[in-house]
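Worksheet for the structure shown next.
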Amino acid sequence: MDLIIRNANLPDGRVGIDIGIKDGKIAALEVALTAKAQKEIDASGYLVSPPFVDA
Numbered sequence: 138m139d140l141i142i143r144n145a146n147l148p149d150g151r152v153g154i155d156i157g158i159k160d161g162k163i164a165a166l167e168v169a170l171t172a173k174a175q176k177e178i179d180a181s182g183y184l185v186s187p188p189f190v191d192a
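Using this note's numbering, the final residue of the sequence shown is 192, and nothing's skipped along the way.
Below, the structure written as structure tokens:
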């Protein structure tokens, strides 16, 4: 993984989710992801969502 966002809260109500990013795309979305990454961000207490776009 290139980046893992740990302990994220998601808009659908899931909490404590790890999001693994590889080559600019979501590669994993699970609780307690065991993979390691070059960079990790602790998102405890934060809502992580896709960007909001008004098209």
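Every residue gets a Cβ at the ideal spot worked out from N, C-alpha and C, and that includes glycine.
Supposed contact pair residue j and residue i - C-beta distance, whole angstroms, cut 8 Å
i: I156; j: I163; result: 6 Å
i: Q175; j: D139; result: 6 Å
Burial state of residue i (16 or more Cβ within 10 Å)
i: L170; result: buried
Length of the line joining the Cα atoms of residue i and residue j
i: L184; j: A192; result: 23 Å
i: R143; j: D160; result: 18 Å
Of the listed residues the options, nearest to residue i (C-alpha basis)
i: I158; options: F189, G182, N146, K173; result: K173
i: S186; options: M138, N146, E167, I178; result: N146
i: V152; options: V190, G182, E177, F189; result: G182
Heavy atom of the ligand GDP within 7 Å of residue i beta-carbon
i: P188; result: Among the ligands in the structure shown, none appear at all, so the ligand GDP cannot be discussed.
For the segment 146-172, list the beta strand (DSSP E) runs that are entirely contained and at least 3 residues long, ordered along the chain.
154-159, 162-168
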